[in-house]
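Novice: Could you have a look at this structure, given as structure tokens, before my questions?
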Amino acid sequence: MKTSVSDRTASSAAAAPAAAAPAAALATDRPRADAARWPDVAHGPRGSATRTAVTRLIVQRALAALPLRTALGDAPVTGDEGPLVRVHDPEVFFRRIGTDGLIGFGESYMAGEWEADDLVGALTVLASHLTSLVPRPLQRLRGAWALRRPSGQRNTLEGARQNIHRHYDLSNDLFALFLDPTMTYSSAVFRKRPVVWSDLADAQHRKIDRLLDLAGVGDGTRLLEIGTGWGELALRAAARGARVVSVTLSQEQRDLATSRIAQAGHADRVSVELCDYRQVTGRYDAVVSVEMIEAVGADYWPVYFDTLERLLLPGGRIALQAITMPHARMLATRTTYTWIHKYIFPGGLIPSVEAIAQHTAAAGLRMRENDGYGGHYAETLRLWRERFTQRPAEVDALGFDPVFRRMWEFYLAYSEAGFRAGYLDVRQLLLTRATTTARDGGLR
Numbered sequence: 010m011k012t013s014v015s016d017r018t019a020s021s022a023a024a025a026p027a028a029a030a031p032a033a034a035l036a037t038d039r040p041r042a043d044a045a046r047w048p049d050v051a052h053g054p055r056g057s058a059t060r061t062a063v064t065r066l067i068v069q070r071a072l073a074a075l076p077l078r079t080a081l082g083d084a085p086v087t088g089d090e091g092p093l094v095r096v097h098d099p100e101v102f103f104r105r106i107g108t109d110g111l112i113g114f115g116e117s118y119m120a121g122e123w124e125a126d127d128l129v130g131a132l133t134v135l136a137s138h139l140t141s142l143v144p145r146p147l148q149r150l151r152g153a154w155a156l157r158r159p160s161g162q163r164n165t166l167e168g169a170r171q172n173i174h175r176h177y178d179l180s181n182d183l184f185a186l187f188l189d190p191t192m193t194y195s196s197a198v199f200r201k202r203p204v205v206w207s208d209l210a211d212a213q214h215r216k217i218d219r220l221l222d223l224a225g226v227g228d229g230t231r232l233l234e235i236g237t238g239w240g241e242l243a244l245r246a247a248a249r250g251a252r253v254v255s256v257t258l259s260q261e262q263r264d265l266a267t268s269r270i271a272q273a274g275h276a277d278r279v280s281v282e283l284c285d286y287r288q289v290t291g292r293y294d295a296v297v298s299v300e301m302i303e304a305v306g307a308d309y310w311p312v313y314f315d316t317l318e319r320l321l322l323p324g325g326r327i328a329l330q331a332i333t334m335p336h337a338r339m340l341a342t343r344t345t346y347t348w349i350h351k352y353i354f355p356g357g358l359i360p361s362v363e364a365i366a367q368h369t370a371a372a373g374l375r376m377r378e379n380d381g382y383g384g385h386y387a388e389t390l391r392l393w394r395e396r397f398t399q400r401p402a403e404v405d406a407l408g409f410d411p412v413f414r415r416m417w418e419f420y421l422a423y424s425e426a427g428f429r430a431g432y433l434d435v436r437q438l439l440l441t442r443a444t445t446t447a448r449d450g451g452l453r
């Protein structure tokens, strides 16, 4: 189903980027932000002069210690190495950061107030030094200035539907502009790196096949997929002879996945249901879930893993693909409201491997395999970002404005930088029952 322009406008008001001119040009033309759609981008915060001045001092001192070149307004470039960051409007730039932290930093990019000749490179430098950018005394006061996540983004049954809708129901046509023909929106696994666009579809199939192998999916397997995407994993499982129930909260994804499955001749083997994972019934030989745990939220991790255990038949296997972050950083930021929450993934939280292990054990599950390949995600994101930024007219034709395109570019670059800096990782995990439970008929 293709959404209307008015529907997409409403959905993207809290989740939007604009493809700017090539970064190397450091263009000074700024997108005009529609105040109705982008109030915080169009107007910016009021912020006190004192707080702005202190922020400017802290940020300039931090930037001077990094391998970056910077230019504030008409001032000469400072720094001897690294990507060039040019701030066109220093006063507003520092006021945004002083008032809203990293949310303000992202909104300043959306507003065209700063550019970089290598956006990913600049963000990678910042991500690599994230824990040292703010002086330690101020880090200890984080709770006093960091914004808290709004209660409306909690992943209750209704909240989860709304959170998923705001990202995944933007438009199937939008995602098709930068995803490969498999319509797979998660990290690929490449044979070798660096990679080119023509490598991506094969690498996505390799990732899916590894997960299906991990879960032991074959002829006759009763498979549950939590998080349908656009149906590629269900298609490949059905081709192996599995019978698949796939659940999603995205109407857009369900519509396209159902159509693709029918066209492939697997409608008799695959059922795609608009259903929350907590409401799934039945029991399955295997469960596969790809980069869905990030949307669960810490409050619901116990429910998520208890649900996996409840749905698994004796001897069954669970294969997860999960983005992860270091445990200490997860603990420090788990209640913080970020730019990603405000504009891209409301309600999300990236777990740590330690948090996953803790909750799997509490649910009676055991982590048997744990393989990481974050460098492959960096390359996947690079291909998506390059594809997206090369197609601004097609994004515009779908009804998304320049601020949206700029936001999406920042999101893809921001994510890529996280993996290149090692701040983020992506892992494939195998879970099984720790013991046979009473639900299975007692210990055997």
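Residues in the sequence shown are numbered from 10 upward in steps of one, following the numbering used here.
In this text, a Cβ means the ideal position worked out from N, Cα and C, and glycines have one as well.
Nothing here was measured: the structure is a model prediction, and the numbers come from that model.
From which residue to which residue does the alpha helix (DSSP H) around Arg170 run?
Specialist: Looking at the DSSP string, the run of the alpha helix (DSSP H) that includes Arg170 is 166-177.
Novice: Go through its chain and collect everything with a Cβ distance to Arg249's Cβ below 8 Å, but skip five positions before and after it.
Specialist: The residues are Leu221, Val226, Gly227, Asp228, Thr230.
Novice: Given 8 Å as the limit, is there contact between the stretch 36-56 and the stretch 100-120, that is, 3 or more CB pairs closer than that?
Specialist: In short, these stretches touch, since the Cβ pair count reaches three.
Novice: Check whether the Cβ of Val134 sits closer than 7 Å to any heavy atom of the ligand ATP, and report yes or no.
Specialist: The model depicted lacks the ligand ATP and carries no ligand whatsoever.
Novice: Does the pairing of the stretch 206-216 with the stretch 409-428 give three or more beta-carbon distances under 8 Å?
Specialist: Flag = no, the stretch 206-216 and the stretch 409-428 do not touch.
Novice: Residue range of the beta strand (DSSP E) that Gly381 falls in?
Specialist: That run of the beta strand (DSSP E) goes 374-381.
Novice: Closer than 6 Å by C-beta to Arg429: which residues in its own chain qualify, once you throw out the five before and the five after it? Chain order, please.
Specialist: Thr133, Ala387, listed in sequence order.
Novice: Quick check: the stretch 408-417 against the stretch 115-123, are there 3 or more CB pairs under 8 Å?
Specialist: Yes: the two stretches touch, three or more of their Cβ pairs being nearer than 8 Å.
Novice: How many whole angstroms separate the CB atoms of Trp123 and Arg396, which I take to be in contact at a CB cut-off of 8 Å?
Specialist: Going by Cβ atoms, the distance from Trp123 to Arg396 rounds to 24 Å, so no, they are not a contact pair.
Novice: On the DSSP bridge assignment, give the partners of Val254 in chain order.
Specialist: Paired residue(s): Leu233, Ser280.
Novice: Shortest alpha-carbon distance to Leu66 belongs to which of Gly88, Tyr286, Pro99?
Specialist: Residue Pro99 is the option with its Cα nearest to Leu66.
Novice: Alpha carbon to alpha carbon, how far is Gly238 from Ile359? Give it in angstroms, no decimals.
Specialist: Distance between the alpha carbons of Ile359 and Gly238: 18 Å.
Novice: Could you give the DSSP three-state label for Ser361: helix, strand or coil?
Specialist: DSSP places Ser361 in coil when its eight states are reduced to three.
Novice: For Leu265, which residues in the same chain have their Cβ closer than 8 Å to its Cβ, ignoring the five residues on either side in sequence?
Specialist: The answer, listed in chain order, is Met10, Asn181, Met192, Trp239, Gly240.
Novice: Between the C-alpha atoms of Leu340 and Thr333, what's the straight-line distance to the nearest angstrom?
Specialist: The straight-line gap from Cα to Cα measures roughly 12 Å.
Novice: What is the DSSP secondary structure of Gly225, reduced to helix, strand or coil?
Specialist: Coil, per DSSP.
Novice: Quick one: using the 10 Å Cβ neighbour count with 16 as the cut-off for buried, is Arg394 buried or exposed?
Specialist: Result: buried.
Novice: So, helix, strand or coil for Gly324, using DSSP?
Specialist: DSSP places Gly324 in strand when its eight states are reduced to three.
Novice: Among Gly113, Gly82, Thr64, which has the Cα closest to the Cα of His52?
Specialist: Closest option to His52, Cα to Cα, is Gly113.
Novice: Would you list the one or two residues that DSSP bridges to Ile332?
Specialist: The partner list for Ile332 (beta bridge, DSSP) reads Val435.
Novice: Beta-carbon separation of Phe199 and His385 under 8 Å?
Specialist: Contact: yes.
Novice: Give me the Cβ distance between Gln330 and Ser137, rounded to the nearest whole Å; I'm assuming they're in contact under 8 Å.
Specialist: That pair is no contact at about 25 Å.
Novice: Could you check the C-alpha separation between Thr316 and Arg245 for me, to the nearest Å?
Specialist: Thr316 and Arg245: Cα-Cα distance of roughly 24 Å.
Novice: If I measure Cβ to Cβ from Glu303 and keep anything under 6 Å in the same chain, skipping five residues before and after, which residues do I get?
Specialist: Closer than 6 Å at the Cβ level, and outside the excluded window around Glu303, lie Ile332, Gly357, Ile359.
Novice: Could you give the distance in angstroms between the alpha-carbon of Leu440 and the alpha-carbon of Ala74?
Specialist: Straight-line Cα distance between these residues: approximately 44 Å.
Novice: Tell me the DSSP secondary structure of Trp239 in three-state form.
Specialist: Looking at Trp239 - three-state DSSP - the assignment turns out to be coil, as it is neither helix nor strand.
Novice: Does the beta-carbon of Pro40 have 16 or more other beta-carbons within 10 angstroms, so that it is buried, or is it exposed?
Specialist: By the neighbour-count rule (16 or more Cβ atoms within 10 Å), Pro40 is buried.
Novice: Tell me the DSSP secondary structure of Ser207 in three-state form.
Specialist: Three-state DSSP puts Ser207 in a helix.
Novice: What's the gap between the Cα of Val435 and the Cα of Arg338?
Specialist: About 16 Å.
Novice: For Trp310, I'd like the list of residues in its chain whose CB is within less than 6 Å of its CB, leaving aside the five on either flank, ordered along the chain.
Specialist: If we look at Trp310 and ignore the five residues flanking it on each side, its Cβ neighbours are His368.
Novice: What does the Cβ neighbour count give for Arg442, buried or exposed, with the cut at 16 atoms within 10 Å?
Specialist: When all chains shown are included, Arg442 counts as buried.
Novice: Is the number of C-beta pairs between the stretch 398-413 and the stretch 277-296 that are closer than 8 Å three or more?
Specialist: No, the stretch 398-413 is not in contact with the stretch 277-296.
Novice: Val96 and Leu77: beta carbons closer than 8 Å?
Specialist: Taking 8 Å as the Cβ cut-off, Val96 and Leu77 do not qualify as a contacting pair.
Novice: Going by beta carbon distance, what residues of the same chain come within less than 7 Å of Gly236, once the five residues before and after it are set aside?
Specialist: Hits under 7 Å: Thr257, Ser298, Val299, Met301.
Novice: Nearest-angstrom Cα distance between Thr344 and Pro190?
Specialist: Their backbone Cα atoms lie some 37 Å apart in a straight line.
Novice: Using three-state DSSP, classify Arg442 as helix, strand or coil.
Specialist: Residue state, collapsed to three classes: strand.
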